[in-house]
Amino acid sequence: MRRVGVITILCAALAIGTVSGCGTAGAANQSRGAKVVRNQVHPLVFQNRTSDNIIAPDTKLDSQPVGGSLYKDVLVLQANGKSAHLDVTHGPLLFVAYWCPHCQRTLQLLTKLQSQLKQIPTLVDVGYPSGATLADAVRIDRAERAQLHLANFPTYFILAPNAGDQYAPLGYPTLVYRQGGQTLSLFGEHTSAIWKQILS
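Numbered per mature numbering (1 follows the signal peptide of the UniProt record, and there is no 0), the sequence shown spans residues -27 to -1, 1 to 173.
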């Protein structure tokens, strides 16, 4: 009986530290737990990681205000190599990394919810290692869309390895959106009810 009690306590302790997104090991995030794996070098191939790091999606709308000026002129690359500037005042931006299981599951969920949403987030693919090319990013994006059966979300790329630190400092996925005159940021996996509340 004593072993069962110890195991129960250990399981509860692990649940408290549950991670709802990917980022830098050791730093706390706004949702739950600690960020993981941002500084790890990830291979430049798509891997279906939807079965990794399974957690219960966050049920709280725990958005935080962020400095809006950073998200009013986000320099990105299009798949054709041309640069573009994104502005959160024109619609929500979702920062994702190809190697993040939380991002992959979030994109699958948003694909299922797409017909119920008034706003479709623009994806900004970040999290690439140093030396990654646009051709690498586009190849990975196409493989991810095909293997996960994702909707054709508008997608742009930032290849700079520090882009996540700048635009998604808490980790991935990070949604940045406008509401009530404020620029807000939501980090991590969330339930469909939360995504519908924000994007409808």
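Just so you know, even glycine gets a beta-carbon here, dropped at the ideal spot from N, CA and C. Since this is a predicted model, take the numbers as computed values, not measurements.
Span of the beta strand (DSSP E) holding residue i?
{"i": "residue 180", "result": "As displayed, the chain neither begins before -27 nor continues past 173, which places residue 180 out of reach and without an answer."}
{"i": "Gln92", "result": "Segment: none, Gln92 is in no beta strand (DSSP E) and carries neither H nor E."}
{"i": "Tyr129", "result": "128 to 130"}
{"i": "Arg155", "result": "With the sequence shown as reference, residue 155 is identified as Gln, and Arg is not the correct amino acid for it. 155 to 160 is the span of the beta strand (DSSP E), which, as asked, contains Gln155."}
{"i": "Leu48", "result": "47 to 50"}
{"i": "His15", "result": "Note, His15: premise wrong, no beta strand (DSSP E); not H, not E."}
{"i": "His58", "result": "56 to 59"}
{"i": "Phe68", "result": "66 to 70"}
Can you tell me where the alpha helix (DSSP H) with residue i in it begins and where it stops?
{"i": "Ala110", "result": "107 to 121"}
{"i": "Ala133", "result": "Element bounds for Ala133: n/a, residue is neither H nor E."}
{"i": "Leu172", "result": "165 to 172"}
State buried or exposed for residue i, treating a residue as buried only when at least 16 other CB atoms are found within 10 Å of its CB.
{"i": "Leu148", "result": "buried"}
{"i": "Ala166", "result": "exposed"}
{"i": "Arg115", "result": "exposed"}
{"i": "Ser88", "result": "exposed"}
{"i": "Pro94", "result": "buried"}
{"i": "Val69", "result": "buried"}
{"i": "Val47", "result": "buried"}
{"i": "Ala(-1)", "result": "No answer about Ala(-1) holds up, because its pLDDT of 41 lies below 50 and its placement is not dependable."}
{"i": "Ala119", "result": "exposed"}
{"i": "Leu43", "result": "exposed"}
{"i": "Ser4", "result": "Unreliable positioning characterises Ser4 in this predicted model, as indicated by a pLDDT of 41, which lies under 50. The coordinate reading is nonetheless provided below. It is buried - the Cβ of Ser4 has at least 16 other Cβ atoms within 10 Å."}
Who are the near neighbours of residue i in its chain, counting only those whose CB is closer than 8 Å to its CB and skipping five residues on each side?
{"i": "Val49", "result": "Ser56, Ala57, His58, Leu59, Val97, Tyr129, Phe130, Ile131"}
{"i": "Ser103", "result": "Pro134"}
{"i": "Val39", "result": "Val149, Thr156, Leu157, Ser158"}
If contacts are defined as beta-carbon pairs under 8 Å, then residue i and residue j qualify, I think. What distance do you get, rounded to the angstrom?
{"i": "Leu34", "j": "Ala105", "result": "So it is not a contact: roughly 34 Å between Cβ atoms."}
{"i": "Val61", "j": "Tyr150", "result": "7 Å"}
{"i": "Gly41", "j": "Thr156", "result": "3 Å"}
{"i": "His122", "j": "Trp72", "result": "Actually they are not in contact, since the Cβ atoms of His122 and Trp72 sit about 19 Å apart, beyond 8 Å."}
{"i": "Lys91", "j": "Ser173", "result": "5 Å"}
Leaving out five residues on either side along the sequence, give the residues of the same chain with a beta carbon under 7 Å from the beta carbon of residue i.
{"i": "Glu162", "result": "Ser(-8), Gly(-7), Ile28, Pro30, Asp31, His75, Arg78, Thr79"}
{"i": "Ala52", "result": "Val111"}
{"i": "Gly54", "result": "Leu107"}
Residues in the same chain with beta-carbon distance under 6 Å from residue i, minus the five sequence neighbours each way, listed in chain order, please.
{"i": "Ala136", "result": "Val99"}
{"i": "Asn26", "result": "Pro74"}
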